[in-house]
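Chemist: I have a structure here, written as structure tokens, and I will follow up with some questions on it.
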Amino acid sequence: MVEIISGTAMAATITDSLREEVSLFAGEHGYPPTLAVVLVGDDPASQIYVRRKIGQCAKIGLRSIEHRFSRDLSEADLLGLIARLNEDPEVHGILVQLPLPAHIDSHMILDAINPLKDVDGFHPVNVGRLSIGNRGLLPCTPMGCMMLLESLVVDFRGKKAVVIGKSNIVGKPVALLLLERECTVTVTHRYTENLPEIVRTADILVVAAGSPGLVRGDWVKPGAIVIDVGINRTIDGDGRPKIVGDVAFEEMDHAGAVTPVPGGVGPMTIACLLVNTVKAATTLNSHCEPISLVDG
Ligand code: GUN
């Protein structure tokens, strides 16, 4: 029988365990670890995600400060806000919800965030650290995927891992994390030929394709562990809106374990954001004044 891996339960355990750290920090500094959340435009999915992130912060006493703008905010104004948040000693984490409107260069915005406050793990410094195994702040969804996998996999070494999707947010970083655990990793994408055949080799399968029900039952090896990162809005047979993953969940009986959608990776992404915010606050406050390397 396939095991259903509850991200909701694991996320609740993680957030519960952060409560005490948050209150210790607040007691010591007079204010809690603080996350600045920046949302530009009115993308409905982004609004839902931001609301959830802010709601979870409040549950454990993290302070969140929301900065909401209409979609015509200029790039210069957004850069100005990031500069102020970088300077603010009472802001420990900065999250700019993606996607940004097309006239704003996302790379330029992410590059402008202080890497120590980059709780999304998207800054090139943190991406670089991840790629050389010297961890800074890890991106939240890949970190959540690894926590789910770590609860099931005793020894990653030599396991065949297949990742579907090569995004900067999920596919590439999760592949690096699996590689660091010494899996044999294959990254696939929309131009990959013979995808079902490659997927059938996987002991560990991470799917972040953004394609509802892409992975069918006969693509999955018996006993494989399947992590479904997809969050797709569809309409069910009765015309009601429904959230589904990238995996045909009802065809996974022969898998070893599978994450549901909703209730799998989604809650873990938010829990990891909270972990990163507490980590950033602690790191920033343990830093001494930087020593100048240049005299005078
Ligand atoms: N858009 C989709 N996923 C994410 C995420 O993890 N962080 C941010 N900032 N934006 C996103």
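In the numbering used here, each residue carries its 1-based index in the sequence shown increased by 283. Heads up, the beta-carbon is just placed ideally off N, CA and C, and yes, glycines get one too.
Comparing C-alpha positions only, which one of 513, 409 and 559 sits nearest to residue 541?
Modeler: Taking only the C-alpha atoms, the option nearest residue 541 is 513.
Chemist: Please decide whether residue 522 counts as near chain D, where near means a Cβ-Cβ distance under 8 Å.
Modeler: The chain inventory of the structure shown lacks chain D, comprising one protein chain alone.
Chemist: Shorter than 7 Å, the distance from the beta carbon of residue 555 to the closest heavy atom of ligand 1, or not?
Modeler: Answer for residue 555: no, Cβ out of range of ligand 1.
Chemist: Residue 569: which of 293, 365 and 312 sits nearest, CA to CA?
Modeler: Here the closest residue by C-alpha is 312.
Chemist: When DSSP builds the beta bridges, which residues end up paired with residue 548?
Modeler: Residue 548 pairs with nothing; no bridge assigned.
Chemist: Our contact map puts residue 560 next to residue 402 with C-beta atoms below 8 Å; I'd like the distance itself, whole angstroms only.
Modeler: The pair is a contact, with the Cβ atoms about 5 Å apart (cut-off 8 Å).
Chemist: How big is the Cα-Cα spacing for residue 396 and residue 366?
Modeler: C-alpha separation (whole angstroms): 8 Å.
Chemist: Suppose contacts are defined by Cβ-Cβ distances below 8 Å. Is residue 458 in contact with residue 486 by that definition?
Modeler: Not a contact, by the Cβ cut-off of 8 Å.
Chemist: Write down the C-beta distance between residue 321 and residue 350 rounded to the nearest angstrom, noting that I regard them as a contact closer than 8 Å.
Modeler: About 5 Å; that satisfies the 8 Å criterion.
Chemist: Quick check: what's the CA-CA separation for residue 392 versus residue 536?
Modeler: One C-alpha to the other measures close to 43 Å.
Chemist: Starting from residue 511, trace the beta strand (DSSP E) both ways and give me its first and last residue.
Modeler: Residue 511 -> beta strand (DSSP E) spans 508-511.
Chemist: Could you give the distance in angstroms between the alpha-carbon of residue 523 and the alpha-carbon of residue 516?
Modeler: Those two C-alpha atoms are separated by around 10 Å.
Chemist: Answer with buried or exposed for residue 518, where buried requires no fewer than 16 other C-beta atoms within 10 angstroms of its C-beta.
Modeler: It is exposed - the Cβ of residue 518 has fewer than 16 other Cβ atoms within 10 Å.
Chemist: Cutting at 8 Å between CB atoms, please list the residues of its own chain near residue 412, excluding the five before and the five after it.
Modeler: So the list reads 418 and 419, once near-sequence residues are dropped.
Chemist: When you compare only the Cα positions, how much space is there between residue 288 and residue 340?
Modeler: The alpha-carbon atoms of residue 288 and residue 340 are separated by roughly 24 Å.
Chemist: Hey, out of 319, 347, 389 and 425, whose CA is closest to residue 368's CA?
Modeler: Of 319, 347, 389 and 425, the residue nearest in Cα terms is 319.
Chemist: From which residue to which residue does the alpha helix (DSSP H) around residue 480 run?
Modeler: First-last of the alpha helix (DSSP H) with residue 480: 478-482.
Chemist: So, at 8 Å on beta carbons, what are the nonlocal neighbours of residue 348 in its own chain, with the 5 sequence-adjacent residues on each side left out?
Modeler: Excluding sequence neighbours, residue 348 sits near 317, 318, 319, 320 and 374.
Chemist: Put residue 631 into one of helix, strand or coil per three-state DSSP.
Modeler: The displayed coordinates of the chain run from 284 to 579. Any statement about residue 631 would go beyond what the structure contains.
Chemist: Alpha carbon to alpha carbon, how far is residue 405 from residue 388? Give it in angstroms, no decimals.
Modeler: Using only the alpha carbons, I get a separation of about 14 Å.
Chemist: Does ligand 1 have even one heavy atom less than 7 Å from the beta-carbon of residue 552?
Modeler: Yes, ligand 1 has a heavy atom inside 7 Å of this Cβ.
Chemist: Looking at the secondary structure, which residues open and close the beta strand (DSSP E) in which residue 349 lies?
Modeler: Residues 346-352.
Chemist: So, at 7 Å on beta carbons, what are the nonlocal neighbours of residue 298 in its own chain, with the 5 sequence-adjacent residues on each side left out?
Modeler: So the qualifying residues of the chain are 339, 342, 343, 554 and 557.
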